[in-house]
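To start, the structure under review is shown below, and the notes come after it.
Numbering (my numbering), first residue to last: 129 to 720.
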């Protein structure tokens, strides 16, 4: 847990050995108006201080945070806290590469914490991914110091791992040659000199107040927003969650990927409400290549439509470095993501999900595919997006039934691994559905963070990722039985499937009684079906459902995989449930 300092007098935060205060020099005064202008220009963005060891990042950063009444966070302290080791110990035990990987993860997490002053280690800004994240989310300040100044400061300490061997001055000179051209990419360069700390802080605040050196605020800075990082090494990406971000998509994509061509794939329903906004944003950025409008619904996820879509994208002239933009719910994301994965053997794509289900589940994790008569998503590839842009404002045009279906996937994260979150949903679900406000953003962010953590551990579903299929073994069979029709939406099938999975867990003696009823009561209150008999249009046959379950992707050596629970928030994978037990269970459930 981050424990930033805030509101401490500067002298209580002074570090020895860096930026020693000059005796008899009065720091210049700064007025309250300059501070307020600086705060306005900063907006919701963090300030990230970068530079070589000895430049004064922590000393200046703490005083800057104090003046702006912002939290101060030292990334190195957070790395040590996360690793339960000192940085010296991390270097000694695991090497620099391991330290840099951990540093990248910690900074990605810290940058999502909103306004703060963040001091980073000397090598952090050198990492291209970290540098891009800082540029996208923050205001960066480079404290530049000449070699004699740096050597005078670092010589007073002996804990710098990069200076403990060989010739420290030669090492510093080499670091200056390698890193200064990269530090120069920061928004602001400030000379770190032997003057009182407050002299430099005043200079920074006055320049922030002027605002000429910092990037203009985007919609992300003007609205409550969240960024969740999906950590997959060189395939890592962010999920941006904000109300109204759609109209800023062109500028966001141009900042991250350059002026590339973007081919939009959407469906008739989304096009009617939102396509014009996206197209105008892309055209303003000079990146619009065309749009393909598909029929809505699961029936579109087939070979014929996949081939037609691929032809259209090729006609746009999209190359590997360009972007396919799936702009819709789970169906469009699955179909267009699959097309991007096979087009030219892999074109980049950015998910822009427009349904709650897609925002919290299908847009994150890289699963793409189409359906066949044998089952759902049986043909597809793992192809990670380069970015996910989730605009909560587009959910206002989502039909209420679709919104409820998406909520089933939100509840899933609580049921499979986070009982406190499920309890929060029980108490706050009406606010989630209420006014497109903070409760909805919190529900989406928590869900995405849960999925991102699991995907980071198991990208291709060889282990923990199977837990995300809680309710899906039953649910996919029910969807197939209804012919992927409007009789049962995917989220509705998941809702019924989760209740069945928990009830089966109870019958097997794995889970205490009453948990299935608790889950069903909540889902029913939201307006979701919870029993097989809730599906309109006929009575299911248990043997047929069991046969359809046998087509599930998680079947191994002919054995069905079930996601069962030991309790709310304690899901696990089981392959030990005999088919005859499942058949008898289904027969009882159909009769309920």
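C-beta atoms are modelled at their ideal positions from N, C-alpha and C, and glycine is treated no differently.
- Query: Out of curiosity, what's the CA-to-CA distance linking residue 453 and residue 390?
  - Reply: Spanning the two alpha carbons is a distance of roughly 7 Å.
- Under the rule that 16 or more other beta-carbon atoms within 10 Å means buried, what is residue 558, buried or exposed? Around the beta carbon of residue 558, fewer than 16 other beta carbons sit within 10 angstroms, so the residue counts as exposed.
- Task: Along the alpha helix (DSSP H) that carries residue 367, what are the first and last residues, could you check?
- Result: Residue 367: not part of any alpha helix (DSSP H); member of the beta strand (DSSP E) spanning 365–370, first to last residue.
- Would you say residue 477 and residue 398 are within 8 Å of each other, going by their C-beta atoms? In this structure, residue 398 does not lie closer than 8 Å to residue 477 by Cβ.
- Message: With H, G and I counted as helix, E and B as strand and the rest as coil, what does DSSP make of residue 277?
- Response: Secondary structure at residue 277: helix, using DSSP grouped into helix, strand and coil.
- Would you report the Cα separation of residue 556 and residue 569, rounded to the nearest angstrom? The alpha-carbon atoms of residue 556 and residue 569 are separated by roughly 12 Å.
- Count the other CB atoms, across all protein chains shown, that sit within 10 Å of the CB of residue 248; report buried if there are 16 or more and exposed otherwise. Its Cβ being crowded by 16 or more others within 10 Å, residue 248 is buried.
- Message: Pull the bridge partners of residue 185 from the DSSP assignment, please.
- Response: Per DSSP, none; premise fails for residue 185.
- Query: Within this structure, are the beta carbons of residue 188 and residue 342 separated by less than 8 Å?
  - Reply: Result no, Cβ atoms of residue 188 and residue 342 do not sit closer than 8 Å.
- Drop a sphere of 10 angstroms on the beta-carbon of residue 226, count the other beta-carbons inside from all chains shown, and report buried for 16 or more, exposed for fewer. Classification for residue 226: exposed.
- DSSP on residue 154, reduced to helix/strand/coil? Residue placement at residue 154 is flagged as unreliable, the pLDDT there being 49, under the threshold of 50; the coordinate-derived value follows with that caveat. Of the three classes helix, strand and coil, the one that applies to residue 154 here is coil, per DSSP.
- Query: When the Cα atoms are used, what is the spatial distance from residue 428 to residue 422?
  - Reply: Their Cα atoms are separated by approximately 8 Å.
- Task: Measure the alpha-carbon distance for residue 571 versus residue 443 and round it to whole angstroms.
- Result: Using only the alpha carbons, I get a separation of about 39 Å.
- Apply the 10 Å Cβ neighbour rule to residue 703 and answer buried if 16 or more other Cβ atoms are within range, or exposed otherwise. By the neighbour-count rule (16 or more Cβ atoms within 10 Å), residue 703 is not buried but exposed.
- By Cβ distance below 8 Å, which residues in the same chain neighbour residue 153 in space, the five residues on each side in sequence not counted? For residue 153, the predicted model reports a pLDDT of 48, less than 50, meaning its position is unreliable; a value from the coordinates is still stated below. Counting only Cβ-Cβ distances below 8 Å, and skipping sequence neighbours, we find 323, 324, 327.
- Message: Given this structure, state the Cα-to-Cα distance separating residue 438 from residue 471, to the nearest angstrom.
- Response: Using only the alpha carbons, I get a separation of about 7 Å.
- Of all the options 213, 306, 229, which has the alpha carbon lying nearest to the alpha carbon of residue 361? Nearest option by C-alpha distance: 229.
- Pick helix, strand or coil for residue 647, following the three-state DSSP scheme. Correct three-state label for residue 647: helix.
- Message: Please report the distance separating the alpha-carbon of residue 646 from that of residue 574.
- Response: Computed Cα separation, rounded: 21 Å.
- Task: Keeping to the same chain, check which residues put their C-beta closer than 7 Å to that of residue 540; ignore five residues upstream and five downstream.
- Result: Residues 598, 599, 622, 626 of the same chain have their beta carbon placed closer than 7 Å to that of residue 540, with the five preceding and five following residues left out of the count.
- Please name the residue or residues paired with residue 272 in a DSSP beta bridge. Paired residues: 319.
- Query: Which same chain residues, not among the five before or five after residue 355, have their C-beta less than 6 Å away from its C-beta?
  - Reply: Cβ within range, chain order: 240, 366, 368.
- Which word fits residue 278, buried or exposed, when buried means at least 16 other C-beta atoms lie within 10 angstroms of its C-beta? So residue 278 ends up on the buried side.
- Message: To the nearest angstrom, how far is the alpha carbon of residue 485 from that of residue 164?
- Response: Looking at the backbone, the Cα of residue 485 and that of residue 164 are separated by about 41 Å.
- Query: Nearest CA to the CA of residue 705: which residue from 687, 699, 696?
  - Reply: When only C-alpha atoms are compared, the closest one is 687.
- For residue 636, three-class secondary structure by DSSP: Looking at residue 636 - three-state DSSP - the assignment turns out to be coil, as it is neither helix nor strand.
- Task: Count the other C-beta atoms from every protein chain shown that fall within 10 angstroms of the C-beta of residue 508, then say buried if there are 16 or more, exposed otherwise.
- Result: Label assigned to residue 508: buried.
- When you compare each of 634, 386, 604, 511 to residue 676 by their alpha carbons, which one comes out closest? Out of 634, 386, 604, 511, 604 has the C-alpha closest to the C-alpha of residue 676.
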